[in-house]
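The sequence shown runs 18 to 147 under my numbering.
Heads up, the beta-carbon is just placed ideally off N, CA and C, and yes, glycines get one too.
Data first, discussion second: the structure below is written as structure tokens.
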Amino acid sequence: MCIRDRYYNQKIYTEDKGLSLLIEPNQEFALTYQDTINDMNLGMPINVIVQAEYYQTDSSYLQLVCRIGDYYSSNFTENTMPELNEWTKKQYQFKIPASYLNAGEVIKVYYFNPKKKKIFIDNYTLSIFQ
């Protein structure tokens, strides 16, 4: 059963990449989603899937992070996107074990840009389900 299936298409106009989200070097955190898990079954794991297209001009080292309570996991784009100067479609998945779930906790999914690189994101889709 799908609990949440939300499409976020936050766009900033950029002259050379059309309408896409530009994460600038001065943005350490970007495109953050958060919500409480009150309406979820705490006895079942939660699946989080993020699909998007990325355009990087150098090795960006961007991290996609998922956290809730004591659960923390991240995916690094530099490990999965060796292509530079072209759009790359990627899907990242997190499976949060039921043992980490407590009523009222907040689930957060966000991008962390520790090396402060420039990257474009487009066609972003976030699905959270059990």
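Among the options, nearest to residue i - alpha-carbon criterion
| i | options | result |
| --- | --- | --- |
| Ile66 | Ser91, Leu36 and Lys132 | Ser91 |
| Ile113 | Tyr72, Phe129, Tyr88 and Thr53 | Tyr88 |
| Tyr128 | Leu101, Leu79, Asn102 and Phe111 | Leu79 |
| Glu103 | Tyr71, Gly35, Thr94 and Glu122 | Tyr71 |
| Ser76 | Leu143, Lys132, Asp139 and Thr53 | Lys132 |
| Asp139 | Leu81, Thr49 and Lys106 | Lys106 |
| Phe46 | Glu122, Gln147 and Leu38 | Leu38 |
Residues bridged to residue i (per DSSP)
| i | result |
| --- | --- |
| Ser90 | Cys83 |
| Glu70 | Lys106 and Asp139 |
| Ile54 | Answer by DSSP bridge pairing: none, since Ile54 is not bridged. |
| Leu118 | DSSP output for Leu118 lists no bridge partner at all. |
| Lys112 | Asn64 |
Local Cβ density within 10 Å of residue i, reported as buried at 16 or more and exposed below that
| i | result |
| --- | --- |
| Lys134 | buried |
| Val126 | buried |
| Phe137 | buried |
| Ile145 | buried |
Alpha-carbon spacing of residue i relative to residue j, whole angstroms
| i | j | result |
| --- | --- | --- |
| Ile85 | Gln110 | 15 Å |
| Asn130 | Asn119 | 29 Å |
| Glu100 | Thr74 | 9 Å |
| Asn64 | Gly35 | 31 Å |
| Gln158 | Asn55 | Nothing can be reported for residue 158: it is not among the residues displayed for the chain, which extend from 18 to 147. |
| Thr49 | Tyr117 | 21 Å |
Anticipated Cβ contact below 8 Å, residue i with residue j, distance rounded
| i | j | result |
| --- | --- | --- |
| Ala115 | Pro62 | 5 Å |
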